[in-house]
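Enquirer: For the sequence shown, this note's numbering gives the first residue as 876, with consecutive numbering after it. No residue lacks a Cβ here, since even glycine has one placed at the ideal position from N, Cα and C. Dumping the structure here so I can ask a few things about it.
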Amino acid sequence: MKVLKILGLLLLLVIAFFLIGGAIQPTHFEYTGTTSIDAPKKIIFEKINDLRTWEEWGPWKGLDSTIALTFGDKTKGVGASYTWTAKDDKGGKMTITEATPYTSQKGKVEFADGYGGDSFFKLEDGPNGTTKTTWGYAWDVPYPFNAIAVFTGGKTKKDMDSMFTPGLANLKKMCEEANQGMYRGYRVKNMEYPGASYLMIRDKIKIAGIQQFYETNFGAIMGAMAAKGIEMAGFPCGVFYEWDEEKGMTDMAAAIPVGDKGASAAKGNIKLVEVPASKGLFIDYYGPYEGSGEAHLAMEEYGKDKGITFKTPVIEAYASDPSTEPDTARWLTKVYYFYDSPIAEDQ
């Protein structure tokens, strides 16, 4: 009987804790992190509103290397979404629900265990052209279960800070580089492409087979040029008309720029193709050929920020000779993109 009284007293104490503690504690919880970014609000908004950039600046990989993101059909603006999974995490889903250029963005976070909340960003003018950038997370806990925050509040703040601090630092670096013309560590430069004639062999091939395609066809083109006494008018190039990462296929050409006499070497599958003069952008990429994808991603991000619609083809010009330069870090590939639309002004 005494044991039952003690148990009953303990039960009353637990009930009292939740009733009183719940009355004292709020039912709405919100944590934020803030940083000053030396970049226009437009650049920052474009980054946070495009979920694919979250893989680059988001802090999650640093917190858990097993995290994997899967993007929905839409990745930018209201309705864009991704799901995530991890070894020791049941995962969840994030969906952009509100996006107001260039001041705020909000997303719904749904955890697999049924809980969730709202992620949000606020962009405000700061001193000297900077942008005060706030990233936050908010959620509601109904009374009286909100009383548990008495014990979990400190840990929750620590967990939030471990996400906001590195995430905002990464976002700051990305946006400030973009504001200086730097994307993913590469400087994007303007150019007026003068146009050129190329002897090329074009085909639809597997992306994995590009190196073999080059080895076979550069040799064939140079052999045809040598037979006609034609010299190169520039560096050997890869000319890309289509790139399908999902199917692992590309429509491309091995190409060598030539002068006026190029037509005499064009026969069979070797064609003389004119790439007309155009406004363009280029990146100087140094490194092994298989690493040039980062330069292309940088160019695409620049295009999104500046409102540029690129046109085909995209050209990689291989300015280094691997037979005379063994250090792959010194191999220079010039990556060219062309466009017709004007570059949008920052807002």
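Using the Cβ count rule (16 or more neighbours within 10 Å means buried), how would you classify residue 1181?
Expert: Counting Cβ neighbours within 10 Å, residue 1181 comes out buried, since at least 16 surround it.
Enquirer: Find out if the Cβ-Cβ distance for the pair residue 1111, residue 1080 is shorter than 9 Å.
Expert: Going by C-beta atoms, residue 1111 is not nearer than 9 Å to residue 1080.
Enquirer: Under 9 Å between the Cβ atoms of residue 1099 and residue 1129?
Expert: No, the pair does not count as a contact, with Cβ atoms beyond the cut-off.
Enquirer: From residue 912 to residue 955, what does the alpha carbon distance come to, in whole angstroms?
Expert: Looking at the two C-alpha atoms, the distance is approximately 25 Å.
Enquirer: With distance defined between alpha-carbon atoms, name the residue in 1106, 1105, 1101 and 1076 nearest to residue 1092.
Expert: Of the listed residues, the one whose Cα sits closest to residue 1092 is 1076.
Enquirer: For residue 1044 and residue 910, what's the separation of their Cα atoms in angstroms?
Expert: Rounded to the nearest angstrom, the two C-alpha atoms are 8 Å apart.
Enquirer: Between 916, 904 and 970, which lies nearest to residue 929 when the distance is taken from Cα to Cα?
Expert: Ranking 916, 904 and 970 by Cα distance to residue 929 puts 970 first.
Enquirer: Provide the residue span of the alpha helix (DSSP H) that contains residue 1180, from first to last.
Expert: Taken as a continuous stretch (DSSP letters only), the alpha helix (DSSP H) holding residue 1180 covers 1168-1181.
Enquirer: Using 8 Å as the cut-off, can you tell me whether the region 918-927 makes contact with the region 973-991, which would need three or more C-beta pairs spanning the two stretches below that distance?
Expert: The answer is yes - the region 973-991 touches the region 918-927, with three or more Cβ pairs under 8 Å.
Enquirer: Relative to the alpha-carbon of residue 1071, which residue among 1014, 1060, 1004 and 1151 has its alpha-carbon at the smallest distance?
Expert: It is 1151.
Enquirer: How big is the Cα-Cα spacing for residue 1049 and residue 982?
Expert: Computed Cα separation, rounded: 21 Å.
Enquirer: Among the residues of its own chain, which have a CB less than 6 Å from the CB of residue 895, if the five just before and after it don't count?
Expert: Interpretation of residue 895 is limited by its pLDDT of 46, a score under 50 that renders its predicted location unreliable; the figure taken from the coordinates is listed afterwards. Within the same chain, residue 895 has no close Cβ partners at all.
Enquirer: Starting from the C-beta of residue 937, find all residues in its chain whose C-beta is less than 8 Å away, skip the five residues before and the five after it, and write them out in chain order.
Expert: Excluding sequence neighbours, residue 937 sits near 1041.
Enquirer: Is it right to say residue 1047 is buried, meaning 16 or more other beta carbons lie within 10 angstroms of its own, or is it exposed?
Expert: Result: buried.
Enquirer: What residue from 1159, 1135, 1158 and 1156 has the CA that sits closest to residue 1149's CA?
Expert: It is 1135.
Enquirer: Identify every run of the beta strand (DSSP E) within the region 972-1007, keeping only runs that are complete inside it and at least 3 residues long; order them along the chain.
Expert: 979-986 and 991-1000, all fully within the region 972-1007.
Enquirer: If you follow the alpha helix (DSSP H) that residue 1093 is part of, which residue opens it and which one closes it?
Expert: Unbroken alpha helix (DSSP H) run through residue 1093: 1085-1103.
Enquirer: Over the uninterrupted alpha helix (DSSP H) stretch that includes residue 918, give me the two end residues.
Expert: Counting along the chain, the alpha helix (DSSP H) containing residue 918 begins and ends at 916-923.
Enquirer: Give me the DSSP bridge partner(s) of residue 938.
Expert: The partner list for residue 938 (beta bridge, DSSP) is empty, contrary to what the question assumes.
Enquirer: Under the criterion of a Cβ to heavy atom distance below 8 Å, does residue 925 qualify as lining the ligand ATP?
Expert: In terms of ligand content, the structure shown is empty, and the ligand ATP therefore cannot be addressed.
Enquirer: When you compare each of 964, 924 and 948 to residue 942 by their alpha carbons, which one comes out closest?
Expert: Closest option to residue 942, Cα to Cα, is 964.
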